[in-house]
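If you count the sequence shown from 1, position 135 lands on 135 in the UniProt record's numbering, and the numbers rise without skipping.
The C-beta atom is built at its ideal place from N, Cα and C for all residues, glycine as well.
Since we're looking at a predicted model, the values are computed, not measured.
Comments concern the structure below.
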Amino acid sequence: MAVKIFDVTTGSHADKAGIKKGETLLSINSNEIVDVLDYRFYQVNRKLTLEVADEDKNVRTIEMTKGEYEEIGLEFETYLMDKQHSCRNKCIFCFIDQLPKGMRESLYFKDDDSRLSFLFGNYITLTNITEHEIDRIIKMHISPINVSVHTTNPELRCKMMNNRFAGDTLKYLKRFADAGITLNCQIVSCPGINDGDELVRTLTDLENLGVNMTAIVPVGLTRYRENLYPLVPYNKETAGQTIDIIEKMGDECVKKHGRRIFFPGDEFYLLAEREIPSPEFYEDFSALEDGIGMIAYLTDDVGWKLEELDADESLCHKVTIACGEGVFPYMKRIMSMINEKFPNITINTRAIKNNFFGGGVNVSGLVTGGDLIDQLRDDDLGDRLLIPSSMLRFENDLFLDDVSTDDVERELGVTLVPVNNNGNDLVEAVIAGKD
Numbered sequence: 001m002a003v004k005i006f007d008v009t010t011g012s013h014a015d016k017a018g019i020k021k022g023e024t025l026l027s028i029n030s031n032e033i034v035d036v037l038d039y040r041f042y043q044v045n046r047k048l049t050l051e052v053a054d055e056d057k058n059v060r061t062i063e064m065t066k067g068e069y070e071e072i073g074l075e076f077e078t079y080l081m082d083k084q085h086s087c088r089n090k091c092i093f094c095f096i097d098q099l100p101k102g103m104r105e106s107l108y109f110k111d112d113d114s115r116l117s118f119l120f121g122n123y124i125t126l127t128n129i130t131e132h133e134i135d136r137i138i139k140m141h142i143s144p145i146n147v148s149v150h151t152t153n154p155e156l157r158c159k160m161m162n163n164r165f166a167g168d169t170l171k172y173l174k175r176f177a178d179a180g181i182t183l184n185c186q187i188v189s190c191p192g193i194n195d196g197d198e199l200v201r202t203l204t205d206l207e208n209l210g211v212n213m214t215a216i217v218p219v220g221l222t223r224y225r226e227n228l229y230p231l232v233p234y235n236k237e238t239a240g241q242t243i244d245i246i247e248k249m250g251d252e253c254v255k256k257h258g259r260r261i262f263f264p265g266d267e268f269y270l271l272a273e274r275e276i277p278s279p280e281f282y283e284d285f286s287a288l289e290d291g292i293g294m295i296a297y298l299t300d301d302v303g304w305k306l307e308e309l310d311a312d313e314s315l316c317h318k319v320t321i322a323c324g325e326g327v328f329p330y331m332k333r334i335m336s337m338i339n340e341k342f343p344n345i346t347i348n349t350r351a352i353k354n355n356f357f358g359g360g361v362n363v364s365g366l367v368t369g370g371d372l373i374d375q376l377r378d379d380d381l382g383d384r385l386l387i388p389s390s391m392l393r394f395e396n397d398l399f400l401d402d403v404s405t406d407d408v409e410r411e412l413g414v415t416l417v418p419v420n421n422n423g424n425d426l427v428e429a430v431i432a433g434k435d
């Protein structure tokens, strides 16, 4: 296999070597180039020998010397240099299967790509990984690898993922661990399925493997579950029981290994109506992207930011911040912290009920533009409406229901300000006032 060169950076080593757009990169230092990982790994060396084929399939060899880690200067049509690998499973808890029809096509794509695990932190199931990819990960020491484990019971994993090979692929975890690959794991916990004793078994097995970190999050259920596996949501009691298991085993890991390893998602504490642990509980906050410690991190970060600022009674304006129902009590608390320093800023904190996905979904990242418009239309929003940037896609322009930020601003007559999950951005957005 080889990859076609989409463009060549002007003035680069590749340009000076006479490589042209439309030619094909075959190998670097006798290593076949299949995708972005091959290209990035093998171009690192100072002395390179490239095999390139022109459009008539004439192959030539090019020698080049460059700085270590310096780019060659080749560009490809897609970032991965080939098609993204899709998921082959039909997991009983899959959130994508619970989406309504008619949303943008990209939302229905289930990725399960080991390259994205390394490059962007995506979780993979290992069910469609090939022996070639496993050998390459070990050879290149690609680390960390993020794995959706869910359970280490082979039979149960097959059932949960609706894939008869899902149990067998657990063996790859040991191969990676034995090769010194750092493993970050995720468990979507479903009441009565893989919690309780099954969760204890899974966490025990993962500890014995020496995994770096495991995030345990509760299953999310929308109102669009027609003809899907009958799952029930967590309630106060069952969420509390799951927290107890995770915290107990995490405490034991701290005593044995000096690290907690196992972390419950913030949503478990919200469901159980328990206080979020202190920042120290989350150690280095390595699982923020999984919803682990986000509330503690933001609260602590806002506190540090406020310590840098002097109290200011001259600031006098009104802003509204909208969030999901789950985090609302904590967001109110954070806004009170800001108000202590800036008492003449009026901060209207609003919890948005997720009517789009159903009342069982209460996280901020799944709030839609339509629900914002419907529930804030009659409010005096002040100068600016602040929302977590997690409500929007990467480009910060569209909500999950394809309502745009422009639509929200037009319908509500207010400036919309997406805010990242850090104290500096949040405090600055609150005190900024009008643009």
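* Just confirm the distance between the C-beta atoms of Val417 and Glu267, as a whole number of angstroms; I'd bet it's less than 8 Å. => Working through the sequence shown from its first residue, we reach residue 417 at position 417. Working through the sequence shown from its first residue, we reach residue 267 at position 267. Contact between Val417 and Glu267 does not hold, since the beta-carbon distance rounds to 25 Å and is not under 8 Å.
* **Cβ-Cβ distance between Ile352 and Leu376 below 9 Å** => For the purposes of this step, residue 352 is identified with residue 352 of the sequence shown, where counting begins at 1. For the purposes of this step, residue 376 is identified with residue 376 of the sequence shown, where counting begins at 1. Judged by their CB atoms, Ile352 and Leu376 are nearer to each other than the 9 Å cut-off.
* **Nonlocal neighbours in the same chain, by C-beta distance under 8 Å from Phe120, ignoring five residues either side** => Along the sequence shown, read from residue 1 onward, the residue named residue 120 stands at position 120. With a pLDDT of only 48 at Phe120, under 50, the local geometry of the prediction cannot be trusted, and no value is derived from it.
* Below 7 Å CB to CB, which residues in the same chain sit around Ala179 once its five sequence neighbours on both sides are set aside? => Against the sequence shown, residue 179 aligns to sequence position 179. The answer, listed in chain order, is Ile138.
* Would you call Ala311 buried or exposed, if buried means 16 or more other Cβ atoms sit within 10 Å of its Cβ? -> Counting from 1 along the sequence shown, the entry for residue 311 is found at position 311. The residue in question, Ala311, is exposed, as its Cβ has fewer than 16 Cβ neighbours within 10 Å.
* Would you call the CB atoms of Ile193 and Ile96 closer than 9 Å? -> Translated into the one-based positions of the sequence shown, residue 193 becomes position 193. Translated into the one-based positions of the sequence shown, residue 96 becomes position 96. Taking C-beta atoms as the reference points, Ile193 and Ile96 fail to come closer than 9 Å.
* Close beta carbons around Glu32, own chain, < 8 Å, minus the five adjacent residues each side -> Position 32 of the sequence shown, counting from 1, holds the residue named residue 32. So the list reads Met1, Ala2, Leu26 and Asp38, once near-sequence residues are dropped.
* **beta strand (DSSP E) segments (min. 3 residues) lying fully within the UniProt domain "Putative radical SAM N-terminal" (67-213)** => Listed in chain order, they are 145-148 and 183-189.
* Asked: Ends of the beta strand (DSSP E) at Met391?
  -> Numbered from its first residue, the sequence shown carries residue 391 at position 391. Careful: Met391 lies outside any beta strand (DSSP E) and carries neither H nor E.
* Uninterrupted alpha helix (DSSP H) stretches inside the region 358-425 (no shorter than 4 residues) -> Counting only runs of 4+ residues, the alpha helix (DSSP H) found wholly inside the region 358-425 occupies 369-376 and 405-412, in chain order.
* So which of Leu199, Ser30, Leu209 and Val8 has the shortest CA-CA distance to Asp244? -> What you label residue 244 is simply residue 244 of the sequence shown in a count that begins at 1. Leu199 is the residue among Leu199, Ser30, Leu209 and Val8 whose C-alpha sits nearest the C-alpha of Asp244.
* Going by DSSP, which residues form a beta bridge with Arg60? -> Along the sequence shown, one-based indexing puts residue 60 at 60. Residue pairing of Arg60 in beta bridges, as defined by DSSP: Val52.
* **6 Å Cβ shell around Leu116 - same chain, five flanking residues per side excluded** => Taking the first residue of the sequence shown as 1, we reach residue 116 at position 116. In this predicted model, Leu116 has a pLDDT of only 49, less than 50, meaning its place in the structure is not dependable; the value taken from the coordinates is given anyway. Closer than 6 Å at Cβ, skipping near neighbours: Asn122.
* Going by DSSP, name the residue or residues bridged to Lys47. => Walking along the sequence shown from the start, residue 47 turns up at place 47. Per DSSP, the beta bridge partners of Lys47 are Thr65.
* Asked: What is the DSSP secondary structure of Asp7, reduced to helix, strand or coil?
  -> For the purposes of this step, residue 7 is taken as residue 7 along the sequence shown, with counting starting at 1. If DSSP states are grouped into helix, strand and coil, Asp7 belongs with the strands.
* Asked: In chain order, which alpha helix (DSSP H) runs of at least 4 residues are fully inside the region 212-237?
  -> Counting whole runs of 4 or more residues, the region 212-237 contains no alpha helix (DSSP H) stretch at all.
* Helix, strand or coil for Lys21, going by three-state DSSP, please let me know. => Here residue 21 refers to the residue found at position 21 when the sequence shown is read from its first residue. Residue state, collapsed to three classes: coil.
* To do: Check whether the region 377-397 touches the region 251-270, taking contact to mean three or more Cβ pairs, one atom from each stretch, closer than 8 Å.
  => Short answer: they don't touch.
* Asked: For Ser114, is the classification buried or exposed, using 16 other Cβ atoms within 10 angstroms of its Cβ as the cut-off for buried?
  -> Counting from 1 along the sequence shown, the entry for residue 114 is found at position 114. Residue confidence for Ser114 is low, a pLDDT of 46 falling below 50, so the modelled location carries little weight; the figure read from the coordinates is stated next. Taking a 10 Å sphere around the C-beta of Ser114, we find 16 or more other C-beta atoms and assign the residue as buried.
* If you pair each beta-carbon of the region 248-262 with each one of the region 202-213, do three or more pairs fall below 8 Å? -> Here the region 248-262 makes contact with the region 202-213; the two share three or more CB pairs at distances below 8 Å.
* To do: Compare the Cα-Cα distances from Glu155 to each of Val147, Thr130 and Thr169 and report the closest residue.
  => Here residue 155 refers to the residue found at position 155 when the sequence shown is read from its first residue. Distance check between Glu155 and each of Val147, Thr130 and Thr169 places Thr169 closest, using alpha-carbon atoms only.
* To the nearest angstrom, report how far apart Asn45 and Ala14 are at their CA atoms. => As a working note, residue 45 is residue 45 in the sequence shown. As a working note, residue 14 is residue 14 in the sequence shown. When only Cα atoms are considered, Asn45 and Ala14 end up about 15 Å apart.
* First and last residue of the uninterrupted alpha helix (DSSP H) at Ile295 -> Counting from one through the sequence shown, the residue named residue 295 turns up at place 295. Met294 to Glu308 is the span of the alpha helix (DSSP H), which, as asked, contains Ile295.
* For Tyr69, does the count of other Cβ atoms within 10 angstroms reach 16, so buried, or fall short, so exposed? -> The count along the sequence shown starts at 1 and reaches residue 69 at position 69. Exposed.
* Asked: Are Val149 and Arg157 touching if we call contact CB-CB under 9 Å?
  -> Stepping through the sequence shown from its first residue, residue 149 is reached at position 149. Stepping through the sequence shown from its first residue, residue 157 is reached at position 157. Contact flag set, yes.
* Asp7 versus Thr24 - alpha carbon distance -> To locate residue 7, count along the sequence shown from 1; it is residue 7. To locate residue 24, count along the sequence shown from 1; it is residue 24. Distance between the alpha carbons of Asp7 and Thr24: 11 Å.
* Asked: Quick check: the region 219-234 against the region 286-301, are there 3 or more CB pairs under 8 Å?
  -> No: the two stretches stay apart, fewer than three of their Cβ pairs being nearer than 8 Å.
* Glu283 - DSSP class collapsed to helix/strand/coil -> On the sequence shown, position 283 is the one that residue 283 refers to. The three-state reading of DSSP puts Glu283 in coil, since its state is none of H, G, I, E or B.
* Beta-carbon separation (whole angstroms), Met337 vs Val302, contact threshold 8 Å -> For the purposes of this step, residue 337 is taken as the residue at position 337 of the sequence shown. For the purposes of this step, residue 302 is taken as the residue at position 302 of the sequence shown. Indeed they touch by this definition, with Cβ atoms about 6 Å apart.
* **Residues sharing a beta bridge with Ala14, DSSP** => By one-based count along the sequence shown, residue 14 stands at place 14. Looking at the DSSP output, Ala14 sits in no beta bridge, so it has no partner there.
* Would you report the Cα separation of Asn163 and Phe328, rounded to the nearest angstrom? -> Position 163 of the sequence shown holds residue 163. Position 328 of the sequence shown holds residue 328. Taking the straight line from one Cα to the other gives about 38 Å.
* Asn422 to Val59, Cα distance in whole Å? -> Position 422 of the sequence shown, counting from 1, holds the residue named residue 422. Position 59 of the sequence shown, counting from 1, holds the residue named residue 59. The straight-line gap separating the alpha-carbon atoms of Asn422 and Val59 is approximately 52 Å.
* Asked: So, Ser223 versus Gly324, is the Cβ gap smaller than 9 Å?
  -> Translated into positions along the sequence shown, residue 223 becomes position 223. Translated into positions along the sequence shown, residue 324 becomes position 324. Residue 223 is actually Arg in this sequence, not Ser. One thing to note: Arg223 has its Cβ no nearer than 9 Å to the Cβ of Gly324.
* Enclosing beta strand (DSSP E) for Val36 [first to last residue] -> In the sequence shown, counting from the first residue as 1, residue 36 sits at position 36. Not the beta strand (DSSP E): Val36 falls in the alpha helix (DSSP H), residues Val36 to Tyr42.
* Asked: DSSP puts Ala343 in a beta bridge; with which residues?
  -> On the sequence shown, position 343 is the one that residue 343 refers to. The residue you asked about is not Ala; residue 343 is Pro in the sequence shown. Partner(s): none; Pro343 has no beta bridge.
* To do: Report all residues from its chain with a CB closer than 8 Å to the CB of Glu77; omit the five preceding and five following residues, and keep chain order.
  => Residue mapping note: residue 77 aligns to position 77 of the sequence shown, counting from 1. Excluding positions up to five away in sequence, the list reads Lys4 and Phe6.
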